[in-house]
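Colleague: Quick one: the structure is below, questions incoming.
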Amino acid sequence: MNTPAGWYPDPYAPGQMRYWDGQAWTQQTAPGQPDAQQAQDTGAPGYAQQGYEGGAPAYAQDQSGYAQGQPGYAQGQPGAAGYAPGQLEPKKKSPAVWIVSGLAALLVALIVVVIVLLTVNGDDSDDEGTGAADESGDDAVTDDEDEAAEDETDEEATDEDEADEGAGAQGDALEIGESLTVDLAEDDEAVLDMTVEESGVYTVALSADAGTDPFLEVHDANGLLEEVDSLGTELFLLPGDYELRLSERFGDETSADVEVDLDEAIDAEEVEAGDHDFSFGRDGHYVAVVDVPDDSEVTIDVRADNGDDDAVLDVVRPDGGTEYNDDRRSSDPDSGNRWDPYLEFDVDEGGPMVIIVTGYSGESVEGEMSLEIN
């Protein structure tokens, strides 16, 4: 037999009433709680002493209120959650909830432990990794330093080899009347030492294979004295030490042999101011030496007898400086041959002055030289 519909103590909230519709508990609630002893005495949850008329709540008369004689919580009658009103056990959590909650807590604990272990191991790994990286870095630096040292040693050895190979005559002495073969490397320079014991005019000549363009710089204690190309030149040299610096004009690599010839001093004619005839054949020279006082003005006018001849004039001043002219300028005195050389210059420091006349491209020339010293 089902429990009749009516108001009964709320099994979910002590201190209030909940309506039983005969089948299940409803959402309808009301304040108040009947005295348990009165409910047993009347056989039903009476509420007369609680202010309810007729033994049932006034507001529930039309809803099967608790009238006299209405049954209370019959034993064994099902109510909400399988229990009749008056016998409903306190609401309990399902064991599955506790199991799931325990498993969740255990899982969280395991996650925390894993995170802690990973953090500790990560720190150790970082330390080990850092140490390994430092050791590796140190090894790499050491290797780099070793390689750099080896490279530097190799470069030095290569430079030395190139110096020995390219400037084979580096620092060698070139004796008067001798020649020396030098093999020039790319952008290389060979330095030859030379000592002159007697004053005089010396010829310096270069020869090399086709396709190369060597040139020579003659340096004395004061610096550059003269540049010599493959055509060669004549120099008036005083006693002393000189450097001959040989290189390829464009810095190109060449394995061509370059010969530097320094001939014996050429006999020079001692002259004074005035007119002097000269004549020389192919690859010949005319050389004159004149004593020039301090603070002098010097004029040299060279005129070839043949208008087709092309003479070249070189002068070495007493101080070692040089003067040069090939073809006279339009402002120079007219000689009838524009290829006749002409020079005017001042001499501050007196002494022996060398005058050298040659033919352009080694051709022969015959003519006259006029010398004025004021």
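Per the numbering used here: the sequence shown = residues 53 to 426.
Backbone N, C-alpha and C define an ideal beta-carbon position, used for all residues, glycine too.
Please read these numbers as outputs of a predicted model, since none were measured by experiment.
1) Around the Cβ of Glu238, are there at least 16 other Cβ atoms within 10 angstroms (buried) or fewer (exposed)?
2) Excluding the five sequence neighbours on either side, which residues of its own chain have a C-beta within less than 7 Å of the C-beta of Leu296, listed in chain order?
3) Which full runs of the beta strand (DSSP E) of 3+ residues lie inside the region 326 to 364, going along the chain?
4) Which same chain residues, not among the five before or five after Asn377, have their C-beta less than 7 Å away from its C-beta?
5) Compare the C-alpha of Asp343 against each of Val368, Asp224, Gly67 and Thr410 and name the closest.
6) What residue range is occupied by the uninterrupted beta strand (DSSP E) comprising Pro393?
7) What number of angstroms, rounded off, separates the C-alpha of Asp327 from the C-alpha of Met421?
8) When you compare only the Cα positions, how much space is there between Ser416 and His337?
9) What number of angstroms, rounded off, separates the C-alpha of Gln154 from the C-alpha of Ile163?
10) With distance defined between alpha-carbon atoms, name the residue in Phe330, Ala65, Ser299 and Gly292 nearest to Thr233.
11) Can you give the Cα-Cα distance for Ala91 and Gln79, rounded to whole angstroms?
12) Of the choices Asn389, Tyr64 and Trp72, whose alpha-carbon is the least far from that of Met58?
13) Just curious, the beta strand (DSSP E) that Pro61 is in, first and last residue?
14) Quick check on the burial criterion: 16 or more other C-beta atoms within 10 angstroms. Buried or exposed for Val350?
15) If you run the structure through DSSP and keep just helix, strand and coil, what is Thr374?
16) Cα separation between Phe288 and Tyr254?
17) Using a Cβ-Cβ cutoff of less than 8 Å, which residues in the same chain neighbour Asp398 once the five nearest sequence positions on both sides are dropped?
18) On the criterion of 16 or more Cβ atoms from any shown chain inside 10 Å, does Leu276 qualify as buried, or is it exposed?
19) If you reduce the DSSP assignment to three classes, tell me which class Thr171 lands in.
20) Might you give, ordered along the chain, the residues of its own chain that have their beta carbon closer than 7 Å to the beta carbon of Gly284, omitting 5 neighbours on each side?
21) Classify Gly388: buried if its beta carbon has 16 or more other beta carbons within 10 angstroms, exposed otherwise.
22) In or out: Phe302 buried (at least 16 other Cβ within 10 Å) or exposed?
23) Determine the burial state of Pro61: buried for a count of at least 16 other Cβ atoms within 10 Å of its Cβ, exposed for fewer.
24) For Ala242, which residues does DSSP report across the bridge?
25) Within 10 angstroms of its Cβ, does Ala363 collect 16 or more other Cβ (buried), or is it exposed?
Modeller: On the basis of the supplied data:
1) Start at 1 with the first residue of the sequence shown, and residue 238 comes out as number 186. Answer is exposed; the Cβ neighbour count stays below 16.
2) Along the sequence shown, read from residue 1 onward, the residue named residue 296 stands at position 244. Here the set comprises Leu226, Leu244, Met246, Leu268, Val270 and Val312.
3) Annotation: the region 326 to 364 contains the following complete segments of the beta strand (DSSP E) (minimum length 3 residues), in chain order: 326 to 332, 337 to 344 and 348 to 356.
4) The residue labelled residue 377 in the question sits at position 325 within the sequence shown. Excluding sequence neighbours, Asn377 sits near Leu365, Pro393, Tyr394 and Leu395.
5) Against the sequence shown, residue 343 aligns to sequence position 291. The residue among Val368, Asp224, Gly67 and Thr410 with its C-alpha nearest the C-alpha of Asp343 is Val368.
6) Here residue 393 corresponds to residue number 341 of the sequence shown, with the count starting at 1. It is not in any beta strand (DSSP E) - Pro393 carries neither H nor E in the DSSP assignment.
7) Within the sequence shown, residue 327 is the residue found at index 275, counting from 1. Within the sequence shown, residue 421 is the residue found at index 369, counting from 1. A direct Cα-to-Cα measurement between Asp327 and Met421 gives close to 6 Å.
8) Position 364 of the sequence shown, counting from 1, holds the residue named residue 416. Position 285 of the sequence shown, counting from 1, holds the residue named residue 337. In this model, Ser416 and His337 are separated by some 9 Å (Cα to Cα).
9) Along the sequence shown, read from residue 1 onward, the residue named residue 154 stands at position 102. Along the sequence shown, read from residue 1 onward, the residue named residue 163 stands at position 111. A quick correction: the sequence has Gly, not Gln, at residue 154. One C-alpha to the other measures close to 14 Å.
10) Walking along the sequence shown from the start, residue 233 turns up at place 181. Considering only alpha carbons, the answer is Ser299.
11) Residue mapping note: residue 91 aligns to position 39 of the sequence shown, counting from 1. Residue mapping note: residue 79 aligns to position 27 of the sequence shown, counting from 1. In this predicted model, Ala91 has a pLDDT of only 39, less than 50, meaning its place in the structure is not dependable enough to derive any value.
12) Residue mapping note: residue 58 aligns to position 6 of the sequence shown, counting from 1. The question names Met, but residue 58 in the sequence shown is Gly. The candidate whose alpha carbon is nearest that of Gly58 is Trp72.
13) Sequence index remark: in the sequence shown, residue 61 carries index 9 (1-based). Boundaries of the beta strand (DSSP E) harbouring Pro61: Gly58 to Pro61, taken from the DSSP string.
14) Translated into positions along the sequence shown, residue 350 becomes position 298. Sixteen is the threshold: when 16 or more other Cβ atoms of the shown chains lie within 10 Å of the Cβ of Val350, as they do, the residue is buried.
15) In the sequence shown, residue 374 corresponds to position 322, counting from 1. The answer is strand: DSSP assigns Thr374 an E or B state.
16) Within the sequence shown, residue 288 is the residue found at index 236, counting from 1. Within the sequence shown, residue 254 is the residue found at index 202, counting from 1. One alpha carbon belongs to Phe288, the other to Tyr254, and they sit about 6 Å apart.
17) Residue numbering aside, residue 398 sits at position 346 when the sequence shown is read from its first letter. Answer for Asp398: Asp347, Ser348, Glu349 and Val350, listed in chain order.
18) By one-based count along the sequence shown, residue 276 stands at place 224. Label assigned to Leu276: exposed.
19) Indexing the sequence shown from 1 puts residue 171 at position 119. Residue state, collapsed to three classes: helix.
20) For this step, residue 284 is matched to residue 232 along the sequence shown. Around Gly284: Thr255, Val256, Ala257 and Leu258.
21) Residue numbering aside, residue 388 sits at position 336 when the sequence shown is read from its first letter. The C-beta of Gly388 has fewer than 16 other C-beta atoms within 10 Å across all chains shown, which makes the residue exposed.
22) As a first step, residue 302 is located in the sequence shown; it is residue number 250 there, counting from the start. Within a 10 Å sphere around the beta-carbon of Phe302 sit fewer than 16 other beta-carbons, which makes this residue exposed.
23) Counting from 1 along the sequence shown, the entry for residue 61 is found at position 9. Buried is the call here.
24) In the sequence shown, counting from the first residue as 1, residue 242 sits at position 190. Beta-bridge analysis with DSSP links Ala242 to Leu298.
25) Translated into positions along the sequence shown, residue 363 becomes position 311. Buried.
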